[in-house]
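Here the working numbering is used: position 301 in the sequence shown is 1008, and no number is missing along the way.
All C-beta atoms, glycine included, are put in the ideal place defined by N, C-alpha and C.
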Amino acid sequence: MPPTATTTAPLPFAPAGAVARIAAASRRTQQPQSGGDLVSLAMGEPDFDTPAQVTEAANASLRAGRTHYSPLLGEPALREALAEKLGGIAGTPVSAADILITQGGTAGLAASILGIVDPGDKVVVPDPTYSLYADLVNMAGGVVVPVPLAPDLHWDLDRLAVALDGAKLFVFCNPGNPTGIVHGRAELEALAGLLDGTPTLVISDEAYADLDFTGRPFTSALSLDGLRDRTVYCQTFSKSYAMTGWRVGYLWGPSPLIQAAARIHNTFNGSVNTVAQDAALVAVRTCDADIARMRAEYEARREIMRTELARIPGLTLSSPEGAFYQFPRYDLDLPSAEVVAALRTTYGVAVRPGGEFGARGEGHLRLSYAADAESITEGVRRLANGLADLR
Ligand SMILES: Cc1ncc(COP(=O)(O)O)c(C=O)c1O
């Protein structure tokens, strides 16, 4: 006898408070998949393949039977290689004991924020910024304090000084998503000055550190004496190495902060995929030329996008200093989500609404140049048509 369907009463379930807090405050949107005639300038990931030697390392690792649990803090060889790399960036020796391998940058951010923030703690973030930070702070029960950026999308240091008073934590990314701005040494030194003598901690998310087009060497928060001792450095293999799907990232910071993050990370994730860590080790050791190759390509595409955008009336361009984003302001009196929806459905181009990244992102669009040159030219052409019609 086939089973007969029975009607059951709806499950009396309400999600936990953490879920409700994230849902109530989150600005994150699910992007539609590209397809048909849609040109996507919406993606936050490289369109390059992972370098071949990295993929081959994963194959070799599998063939060698490396299919067992990895140590909870990560593979020792990978942590040693990263300690050496970070020592070069910091200009002072870095201990592998203070490195935690994470499930991508996302889990590194989650582990560090949940390891630091208690309910009611004040956490300052720039507005606009990468929207995950606020969701994680809300998950922890903390209070997000968004600080509007200056008109040039750099930090407004006066506002930041006021907001940082009594803050447990300041979280930022450099280079910036969605702004494409690079916060240079002077700006970071000013931040260190504001924090001097306070117990406020910092998370510096440097996911796009290899994509700095300012012509000056990139300054990591790690390299500043005034920041290093209070900062968790968050990094990922996703962007520099075109490894978004591999899900490997890492944290470095003062021991007690890393131990706290490790406790959370181990509880949520267990250990990180062994094969992916073996591949990541080969990436650290062998990919400098690949990073340079992809970087040169992004730089050329950035120029194409900038030139094409500059032709569009009513758009105020941002300085495309780093990452692979441009964040122009438009002069229509329409919310960015509405502009983006119209551009996608009627004009066949996908971009991200500035409002997704904070209230002060409204009036902006985020365009990614991690797309090929042809898509950039065609996408910006469609954007121009759309904006002209919406006027
Ligand atoms: C600034 C920033 N940090 C972290 C991440 C997350 O990286 P992952 O893919 O390693 O989780 C992203 C992804 O878009 C990002 O833009």
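Residue i: CB within 8 Å of a non-hydrogen atom of ligand 1
{"i": "L748", "result": "no"}
{"i": "E752", "result": "yes"}
{"i": "L816", "result": "yes"}
{"i": "N884", "result": "yes"}
{"i": "A1119", "result": "Absent from the model: residue 1119. The displayed extent of the chain is 708 to 1098, so no value can be given."}
{"i": "Y940", "result": "no"}
{"i": "Y915", "result": "yes"}
{"i": "S733", "result": "no"}
{"i": "D912", "result": "yes"}
{"i": "C994", "result": "no"}
{"i": "S927", "result": "no"}
{"i": "Y776", "result": "no"}
{"i": "K792", "result": "no"}
{"i": "R1073", "result": "no"}
{"i": "G811", "result": "yes"}
{"i": "G922", "result": "no"}
{"i": "S819", "result": "no"}
{"i": "G956", "result": "yes"}
{"i": "F944", "result": "yes"}
{"i": "L843", "result": "no"}
{"i": "T951", "result": "yes"}
Beta-carbon proximity list for residue i, same chain, < 7 Å, skipping 5 on both sides
{"i": "R735", "result": "S838, D842 and E1063"}
{"i": "L931", "result": "L895, E896 and A899"}
{"i": "P961", "result": "D936"}
{"i": "H972", "result": "L807, T809, A814 and A818"}
{"i": "A764", "result": "D985, A986 and V989"}
Cβ-based neighbour list, residue i, same chain, cut-off 6 Å, excluding 5 preceding and 5 following
{"i": "D937", "result": "Looking at the sequence itself, residue 937 is Arg, so the reference to Asp does not match. Excluding sequence neighbours, R937 sits near L908 and V909."}
{"i": "D744", "result": "G1055"}
{"i": "A803", "result": "R786, E787 and A790"}
{"i": "G1068", "result": "P835, G1061 and G1062"}
{"i": "R1051", "result": "A1057"}
Under 9 Å between C-beta atoms of residue i and residue j
{"i": "P855", "j": "D863", "result": "yes"}
{"i": "G781", "j": "Q984", "result": "yes"}
{"i": "V761", "j": "V831", "result": "no"}
{"i": "G812", "j": "S911", "result": "no"}
{"i": "S1082", "j": "P1060", "result": "no"}
{"i": "A986", "j": "M950", "result": "yes"}
{"i": "S927", "j": "A1030", "result": "no"}
{"i": "Q1033", "j": "R1089", "result": "no"}
{"i": "T1053", "j": "G1093", "result": "yes"}
{"i": "L785", "j": "L929", "result": "no"}
{"i": "L779", "j": "S978", "result": "yes"}
{"i": "E1028", "j": "P882", "result": "yes"}
{"i": "Y957", "j": "A990", "result": "no"}
{"i": "G1065", "j": "P758", "result": "no"}
{"i": "A1057", "j": "I1011", "result": "no"}
{"i": "S747", "j": "A1078", "result": "yes"}
{"i": "L918", "j": "Y1005", "result": "yes"}
{"i": "G891", "j": "T921", "result": "yes"}
{"i": "N980", "j": "V955", "result": "yes"}
{"i": "G822", "j": "V850", "result": "no"}
{"i": "D805", "j": "K875", "result": "no"}
{"i": "A669", "j": "Q942", "result": "Because the chain spans 708 through 1098 in this model, residue 669 falls outside it and cannot be assessed."}
{"i": "V982", "j": "T774", "result": "yes"}
{"i": "R970", "j": "G848", "result": "no"}
Chain C contact for residue i (CB, 9 Å cutoff)
{"i": "A987", "result": "No chain C is part of this structure, which consists of one protein chain only."}
Residue(s) in a DSSP beta bridge with residue i
{"i": "K829", "result": "V850"}
{"i": "F879", "result": "S911"}
{"i": "Q942", "result": "Y957"}
{"i": "Q1033", "result": "L1074"}
{"i": "I808", "result": "Y957"}
{"i": "T1023", "result": "R1036"}
{"i": "D919", "result": "G1029"}
{"i": "V746", "result": "V1056"}
{"i": "D834", "result": "P855"}
Chain-order list of residues whose beta-carbon lies under 8 Å from that of residue i (same chain, five-residue window excluded)
{"i": "S1026", "result": "D859, L860, G887 and I888"}
{"i": "L1097", "result": "L1039, L1041, V1046 and A1049"}
{"i": "L871", "result": "V831, F877, L901, L902, T905 and T907"}
{"i": "A731", "result": "N845"}
{"i": "L1024", "result": "R1013, L1016, A1017, Q1033 and P1035"}
{"i": "G873", "result": "K829"}
Delimiting residues of the alpha helix (DSSP H) encompassing residue i
{"i": "V982", "result": "T981 to T993"}
{"i": "T1053", "result": "S1043 to Y1054"}
{"i": "P1110", "result": "The first residue shown for the chain is 708 and the last is 1098, placing residue 1110 beyond what the model contains."}
{"i": "Q760", "result": "A759 to R770"}
{"i": "D865", "result": "L864 to L871"}
{"i": "T1084", "result": "A1080 to L1097"}
{"i": "G724", "result": "G724 to A732"}
{"i": "E894", "result": "R892 to L902"}
{"i": "D932", "result": "D932 to R935"}
{"i": "A663", "result": "Here the chain has residues from 708 to 1098 only, and residue 663 is not among them."}
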